[in-house]
Structure formats: structure tokens, C-alpha cells
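Participant: Below is a structure I'd like to ask you about.
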Amino acid sequence: MIDVQLLRESPDVVKRSQAARGNDPATVDEAIAADSSRREALQRYESLRAEQNARSKEIGKASKEERPALLAAVQELAAQVKDAQASANEAETAFADAVGKIENIVLDEVPAGGEDDYIVLRTEGVKPEFDFAPRDHLEIGELLGAIDMQRGAKVSGARFDYLRGIGARLELAVMQLGLNKAIENGFIMLTPPTLVKPEIMRGTGFLGEHADEIYYLPADDLYLTGTSEVALAGYHADEIIDVAEPLRYVGWSTCYRREAGSAGKDTRGIIRVHQFNKVEMFVYTTPEDAQAEHLRILGWQEEMMQALGLHYRVIDTAAGDLGSSAARKYDVEAWVPTQDAYRELTSTSNCTTYQTRRLGIRTRGDDGKTQPVATLNGTIATTRWLVAILETHQRADGSVLVPEALRPYLGGLEVLEPIA
RNA sequence: GGACACGUCGCAUAGUCAGGCCGAGUGCACCACCCUGCUAAGGUGGAGUCCCUCAAUAGGGGGACCGAGGGUUCAAAUCCCUCCGUGUCCGCCA
Numbered sequence: 070m071i072d073v074q075l076l077r078e079s080p081d082v083v084k085r086s087q088a089a090r091g092n093d094p095a096t097v098d099e100a101i102a103a104d105s106s107r108r109e110a111l112q113r114y115e116s117l118r119a120e121q122n123a124r125s126k127e128i129g130k131a132s133k134e135e136r137p138a139l140l141a142a143v144q145e146l147a148a149q150v151k152d153a154q155a156s157a158n159e160a161e162t163a164f165a166d167a168v169g170k171i172e173n174i175v176l177d178e179v180p181a182g183g184e185d186d187y188i189v190l191r192t193e194g195v196k197p198e199f200d201f202a203p204r205d206h207l208e209i210g211e212l213l214g215a216i217d218m219q220r221g222a223k224v225s226g227a228r229f230d231y232l233r234g235i236g237a238r239l240e241l242a243v244m245q246l247g248l249n250k251a252i253e254n255g256f257i258m259l260t261p262p263t264l265v266k267p268e269i270m271r272g273t274g275f276l277g278e279h280a281d282e283i284y285y286l287p288a289d290d291l292y293l294t295g296t297s298e299v300a301l302a303g304y305h306a307d308e309i310i311d312v313a314e315p316l317r318y319v320g321w322s323t324c325y326r327r328e329a330g331s332a333g334k335d336t337r338g339i340i341r342v343h344q345f346n347k348v349e350m351f352v353y354t355t356p357e358d359a360q361a362e363h364l365r366i367l368g369w370q371e372e373m374m375q376a377l378g379l380h381y382r383v384i385d386t387a388a389g390d391l392g393s394s395a396a397r398k399y400d401v402e403a404w405v406p407t408q409d410a411y412r413e414l415t416s417t418s419n420c421t422t423y424q425t426r427r428l429g430i431r432t433r434g435d436d437g438k439t440q441p442v443a444t445l446n447g448t449i450a451t452t453r454w455l456v457a458i459l460e461t462h463q464r465a466d467g468s469v470l471v472p473e474a475l476r477p478y479l480g481g482l483e484v485l486e487p488i489a
């Protein structure tokens, strides 16, 4: 949720942000109108209620003889209060709906436009060259006995897979490398729930436009999370926390995504599947520190790319491609040789105070007053990385060189050899 | 799965079985000041969150919040219903 104060005082700023995202700026005027009618209704209710409270107190003190007359007079008032309360509640709901349509205010530096209007900040690492026809990650995965899509489909349907043998171990190795990097930098590890309540899902901003991306269990009224960000953000819901130093958590969880609307996209291999694993960094900090922390998170992500010997670029995502909670987002995209393209391996978003406002996560300022904190999130390892690792480090005979950083997690293994 | 009990201001509890004088007492912890003087205690005062509003960097007025949501009533922490959570016992079982 955006800051209502900002909505009232600087509607132009909010409109500009909505326009930059490609949203209808009229949503802003609608929210402002809903806000004032909500306040009107609230005042009507509250003044009636105040009168009722006062009169009720008199009845309590009144003598037996006085009571019947007073009672009759207040009965009428009670009915009015009930009506006024109902319309105040209605107005409140209407306001929440209206303001909910406004997505987070994008930062000034964010490039305008849509998916293709990103800015490339830098390109790093050595682009892999081959003197043979490189195999794609699935072909390699099958040679190594590491990926089994057929059986994934047999058991669970399209876009499900088994990681097998060295594939499963490689995934775990990447996860542990990421986990250790995060822990070295002061992150506290959490293994969070992957089923969450509606209010937590809504609070993190995932129940808006992308609701059809999410698995829902109606029998239990719970949602399966598409990223541990959800449960990590909910961790401190309705709390007042100390963020004198950034409060850093790293969560390791399985992620579930319906991938509705991406039919036909990335159908081969494990690039886009319904279920995968991810190590996610999540930070609570002050709004003032958020941008600096965002760059720190990006820095750790890049260190991972370098440790894995990947060729990658960093892009500053355009406003129209930001999630509803994000004010700015950097993607790290690694080179995937057989696709002749950079593909997103990690992403890091600065959500400023958008998530915490709805989740009720505040800190106590120097003036003793509470204020919402900022949240940031970023991936530090995920299953998809296997795609770039396998393709980048493959050799003519189908074997794959293990990046040195991963070897300690694989018992010193230097080369992945094809089976049989 | 069955039975019972419970959920109050950071923690622990009182208040619920007689609805109003209870936004709510007490202890501990906390903050400020005082006292004392030596490492622990004594005194006084203060303090919750959210929203609306007047005034406006202070402060005043009002509303809401006793797990959540409904209901009864002029009036609900207190009565009724539903849900959620916790504990104990029984059963069952990876």
C-alpha cells in the first residue's frame, strides 16, 4: 500500500508513477475521492457514536425512575449509529480497493517503458566460446543422468521434473554456496512455511494482478508461495522492530508457480517449471538505507555469478516491468549459449515501504514515533542456475567442468562425466 | 480423530460464573526525575497501537482495539455463535 499522506498531498507524484508503469493515472483520482468519502462517513459515524457513548453512561448512573425515558431516547440513536457504522465500513472497503490499485511509487532513476526498455548497467565475465556445437542444458542433463523431464511429466504433469544423481547434488551445492555467502554477510537463515494465509499473500502484493500465477488450496484457504519472500516478509508482520542495523534473513524453500499465461514459453528443460528451489535474501531496513542495501544485495549476487564463472549482465528494469510492490528492480542475466541470449538468473527488488505498510511492520524513530520500514529481496541461488552452469562449462565429450567454488560441496569433484 | 481447558496493555496475572463506576488493576521489566550512596535498593511521575479531527514541528477533542469475525443490548473484556491459535489427556500413526 502506498502512503496515503503522499496520495493526498502530492497526487501528481503518484500519477506520474502510475503512468510510468503504464497504469491508468485515473486510479489516483479515484483513490482520492474514495479517501474523502471514507473520511466523511467515518466522521458521521464517530460523532454519532460519541453521543451514544455519553448517553449510555448517563443511563448507567441514572436512577430506576429516570431510566425508561432515557432508554427510549437512546434506542433511536443506536439505530442511527448502526447505519452510520455500516456505511463507514462500506466506504472503508471501497477506499482499500481503490488505493490497492495503485502500485508502489517507482524511483526517479528507473527507466520508463515496458519489458524491453531496460537499461544495461554492465556486462561482466568471459563469454563462453565453443569449437563444437554446444548442447543445451537438457541434453547435457540427460547425458549426465541429472535431469529427468519424462518422469516428471508422468508423475506430476508438464513443467515438472526430477533432478537426479549429480543433478540433484549440483542443485544442493549451488544452494549451499549461496547460503554460506549470505550467512557470511550477517544473514540469519530461515526455512519458512511455503503455505501462507491470504492476508500475508495480499500484504506482500502478490494477490493483485498476478493472482492467477498462484496455487491456492480452497479446502484450507491457504496459498502456496512462489517465493520465500512472502513468508519472510510475513515473519515480522504486525511488529515493531529495530532496524538500526539492517535486519537480514536468508530463506531456503521450494517455490510453486502456476505459470499461467506462459503456455508455449520455455517448454524445454528446467528453465520454467512449476516447482523449484530457491535461496532468497530478505532485508528489513530504514527507508533511508534501502537504496544502499539494494546495491549491497546486487553486489552479493554478482559475486555468486563470478564464483560460478558465468558471463552475465546487470539490467535496471523498466517501470512497466516492475512487480506491484517494487520501486526499483535489478536483474542479473546470465549468458545461455544455446539460446544465444541472456536469461534472468536473479532479481533484486527494493519494495521501499509498500509491503510493510499493509503488513504493519514498523520501527520506532528517534522521535519515539513509529514509521514503516523498507523491505528488499533478492535471489542468491536457485535451480535455474543449473541451466547456465551446465551450458557454460560443458565440454565436447559431454562432460562438464565444475566451477571451483562448488567443488567443496561435491566432495572435491572436478568434472561431471556422462553416465554409460 | 475424541475430550477438556485456555487466549487481557513487553512478560506474568486480576477482572469474565452478578453486562455500565474497566481502555482496563497489580507485579516485573522500561523511561524521566528525586533520594541515597556504592552496585543493589527506596520515592514520585510517565508510558500502548491504529484512525478521524482541531491546532499545527508541542498539544487538545473524538472513535476503535481485551485472539479474529459476527450477534444480543441503550451499553460487552464480561452473554451467545463461528473461526483461528495454544495447552493437557486419550486414541491412531509415519
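Following this note's numbering, the numbering of the first sequence begins with 70 at its first residue and continues without gaps.
Beta carbons: idealized from backbone N, C-alpha and C, even for Gly.
Pull up the distance between the alpha-carbon of Leu176 and that of Ala396, whole angstroms please.
Facilitator: Translated into positions along the first sequence, residue 176 becomes position 107. Translated into positions along the first sequence, residue 396 becomes position 327. When rounded, the distance between both Cα atoms is 6 Å.
Participant: Report the option in Cys324, Glu193, Lys347 whose CA atom is closest to the CA atom of Leu248.
Facilitator: Within the first sequence, numbered from 1, the residue matching residue 248 stands at position 179. Comparing Cα positions, the closest option is Lys347.
Participant: Applying the 10 Å Cβ sphere with the 16-neighbour rule, what's the burial state of Leu264?
Facilitator: Along the first sequence, read from residue 1 onward, the residue named residue 264 stands at position 195. Leu264 should be labelled exposed.
Participant: Tell me the rounded alpha-carbon separation between Ala452 and Thr336.
Facilitator: As a working note, residue 452 is residue 383 in the first sequence. As a working note, residue 336 is residue 267 in the first sequence. This sequence places Thr at residue 452; Ala is not what is there. Distance between the alpha carbons of Thr452 and Thr336 is about 16 Å.
Participant: On the premise that Thr415 lies in contact with Thr448, defined as a C-beta separation below 8 Å, what is that separation, rounded to the nearest angstrom?
Facilitator: Here residue 448 refers to the residue found at position 379 when the first sequence is read from its first residue. Here residue 415 refers to the residue found at position 346 when the first sequence is read from its first residue. With a Cβ gap of about 4 Å, Thr448 and Thr415 count as contacting.
Participant: According to DSSP, is Lys223 part of a helix, a strand, or is it coil?
Facilitator: In the first sequence, counting from the first residue as 1, residue 223 sits at position 154. Correct three-state label for Lys223: helix.
Participant: State buried or exposed for Leu76, treating a residue as buried only when at least 16 other CB atoms are found within 10 Å of its CB.
Facilitator: Along the first sequence, one-based indexing puts residue 76 at 7. With 16 or more Cβ atoms within 10 Å of its Cβ, Leu76 is classed as buried.
Participant: Using the beta-carbon count (16 or more within 10 Å), is Met258 buried or exposed?
Facilitator: Working through the first sequence from its first residue, we reach residue 258 at position 189. Burial call: exposed.
Participant: Determine the burial state of Ile309: buried for a count of at least 16 other Cβ atoms within 10 Å of its Cβ, exposed for fewer.
Facilitator: Residue mapping note: residue 309 aligns to position 240 of the first sequence, counting from 1. Burial call: exposed.
Participant: For Leu276, name the three-state secondary structure that DSSP assigns.
Facilitator: The residue labelled residue 276 in the question sits at position 207 within the first sequence. Looking at Leu276 - three-state DSSP - the assignment turns out to be coil, as it is neither helix nor strand.
Participant: Taking DSSP's pairing of strands, which residues face Cys324 in a bridge?
Facilitator: Here the question's residue 324 lines up with position 255 in the first sequence. Answer is Phe345.
Participant: Less than 9 Å separating the beta-carbons of Ile458 and Val442?
Facilitator: Within the first sequence, numbered from 1, the residue matching residue 458 stands at position 389. Within the first sequence, numbered from 1, the residue matching residue 442 stands at position 373. Contact flag unset, no.
Participant: Grab the span of the beta strand (DSSP E) containing Gln440 for me, first residue to last.
Facilitator: In the first sequence, counting from the first residue as 1, residue 440 sits at position 371. Unbroken beta strand (DSSP E) run through Gln440: 439-441.
Participant: I'd like the list of long-range same chain contacts for Phe229, defined as Cβ closer than 7 Å, with 5 residues on each side in sequence excluded.
Facilitator: The count along the first sequence starts at 1 and reaches residue 229 at position 160. Taken in chain order, the residues that qualify are Gly221, Ala222, Val342, His343, Gln344.
Participant: Short check: CB of Val471 to CB of Leu213, under 9 Å?
Facilitator: Here residue 471 is taken as the residue at index 402 of the first sequence, counted from 1. Here residue 213 is taken as the residue at index 144 of the first sequence, counted from 1. Contact flag unset, no.
Participant: Among Leu207, Gly480, Asp436, Ala102, which residue has its Cα nearest to the Cα of Val456?
Facilitator: One-based indexing of the first sequence puts residue 456 at position 387. Answer by Cα proximity: Leu207.
Participant: To the nearest angstrom, report how far apart Asp409 and Asp217 are at their CA atoms.
Facilitator: Here residue 409 refers to the residue found at position 340 of the first sequence. Here residue 217 refers to the residue found at position 148 of the first sequence. Roughly 24 Å between the two C-alpha positions.
Participant: What did DSSP end up calling Glu495 once you bin it into helix, strand or coil?
Facilitator: The structure shown does not extend to residue 495, since the chain is modelled only from 70 through 489, so no value can be given for it.
Participant: Note down, one range per segment and in chain order, each beta strand (DSSP E) of at least 3 residues found wholly within the region 252-315.
Facilitator: Taking only runs of at least 3 residues, the beta strand (DSSP E) segments lying wholly in the region 252-315 are 257-259, 291-293.
Participant: Determine the direct distance from the alpha carbon of Arg118 to that of Pro80, and round the result to whole angstroms.
Facilitator: Against the first sequence, residue 80 aligns to sequence position 11. Against the first sequence, residue 118 aligns to sequence position 49. If you take the alpha carbons of Pro80 and Arg118, they lie about 32 Å apart.
Participant: Can you give, in chain order, each stretch of the beta strand (DSSP E) that sits fully within the region 148-188 and has at least 3 residues?
Facilitator: Fully enclosed beta strand (DSSP E) runs of 3 or longer: not present.
Participant: Taking only three categories from DSSP, how would you classify Ser394?
Facilitator: Indexing the first sequence from 1 puts residue 394 at position 325. Of the three classes helix, strand and coil, the one that applies to Ser394 here is coil, per DSSP.
Participant: Let me make sure I understand the geometry here. Which of Leu485, Ala167, His380 has the alpha-carbon closest to that of Gly194?
Facilitator: Residue mapping note: residue 194 aligns to position 125 of the first sequence, counting from 1. The shortest C-alpha separation from Gly194 is found at His380.
Participant: My output table needs one value for Met244: the three-state DSSP class, helix, strand or coil.
Facilitator: Numbered from 1 along the first sequence, position 175 holds the residue referred to as residue 244. If DSSP states are grouped into helix, strand and coil, Met244 belongs with the helices.
Participant: Enumerate in chain order the residues of its own chain whose CB-to-CB distance from Val97 is below 8 Å, with the five nearest sequence positions on each side excluded.
Facilitator: Indexing the first sequence from 1 puts residue 97 at position 28. Within the same chain, Val97 has close Cβ partners Leu76, Pro80, Val83, Lys84, Gln87, Ile171.
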